[in-house]
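Residue numbers (our numbering): 112 to 415.
For every residue, glycine included, the Cβ atom is placed at its ideal position computed from N, Cα and C.
Predicted model only: the values in this text are computed from it and were never measured.
This is the structure in structure tokens:
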């Protein structure tokens, strides 16, 4: 099969690049966050934040820690890259010394950290392990290897808490989030004192059509492996060419954390459940308040 010289060359080149990718440490690359700015016009990207709102958010972010929780995950979350680009352009005070910014560190499925090429891409946008221990240490101690390697100490967390499960409810025209039974993020908020901000992206499930949806054996296997395994397609039935829906990202306000628990030992389940219920309440309110402007007037948010 590899008798042709140029095929052998391609084979060894790819293998070499894969080995190099696995050996190189994951490290953020700030310039990569700007790439998403090229997509603003392609996806007609908009948010509910005015320039004045951005300035206020930057100022508030210097006084507290935040966990920005974005739904839905989608199959390929192009909107996460749009978020990174938006932070770099609008949630950064370039004139401040030291520089003030809302961008912190991100989280991805642990398996990503062991996949050639993809691990580097995730590292460039400061996304590493989503393990509870790593996230808690990043928020409480500012310790996050990917970010620290660039000489930066992160303050805030960006996460898509629907994870792999949300991939399998991702289909155009549907607005479903997976969070009803997931209390880990709200527990992290209480334990660290970082305030949760609900974020919803209209258009986040409209990039691709999805073959394996809901509770198929493929979705169950994917959850066990902690990675999405599905067949999907966009333009020209290609998984490489997404559709170009209008993408509207709306952000809520920080949800206050109950006082007296941050770093003070075990948190009562009741406190976590109350914050969890409040988060879902605000997510639904955020969705309903902006769906008409985003072009989804008749849409209904379903929480599973």
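- Taking C-alpha positions only, residue 241 is separated from residue 312 by approximately 21 Å.
- By the Cβ neighbour-count rule, residue 246 is buried, with 16 or more other Cβ atoms within 10 Å of its own.
- Under the three-state reduction of DSSP, residue 281 is assigned to coil, being neither helix nor strand.
- Cβ atoms of residue 410 and residue 402 come within 8 Å of each other, at about 5 Å.
- Per DSSP, the beta-bridge partners of residue 344 are 320.
- In this structure, 277 is the residue among 212, 277, 229 with its C-alpha nearest to the C-alpha of residue 415.
- Two segments are said to touch when three or more pairs of C-beta atoms, one from each, lie closer than 8 Å; by this definition the region 384-394 does not touch the region 252-272.
- Looking at 182, 250, 186, the one whose alpha-carbon comes closest to that of residue 214 is 250.
- Taking the Cβ atoms as the reference, residue 182 lies roughly 5 Å from residue 273, within the contact range of under 8 Å.
- Residue 239 is positioned such that its CB atom lies closer than 8 Å to that of residue 137.
- In this structure residue 233 is buried. Its beta-carbon is surrounded by 16 or more other beta-carbon atoms within 10 angstroms.
- Residue 300 counts as buried, since at least 16 other C-beta atoms from the protein chains shown sit within 10 angstroms of its C-beta.
- Runs of the beta strand (DSSP E) lying entirely within the region 189-249 and spanning at least 3 residues, in chain order: 216-219, 238-240.
- Listed in chain order, the non-local C-beta contacts of residue 132 below 8 Å within the same chain comprise 227, 228, 230, 231, local neighbours out to five positions each way being set aside.
- Note that the C-beta distance between residue 320 and residue 343 is below 8 Å.
- For residue 305, the closest C-alpha among the options 167, 179, 164 is that of 179.
- With respect to residue 187, residue 353 sits close: the two C-beta atoms are nearer than 8 Å.
- By the beta-carbon neighbour count (other beta carbons within 10 angstroms, threshold 16), residue 288 is buried.
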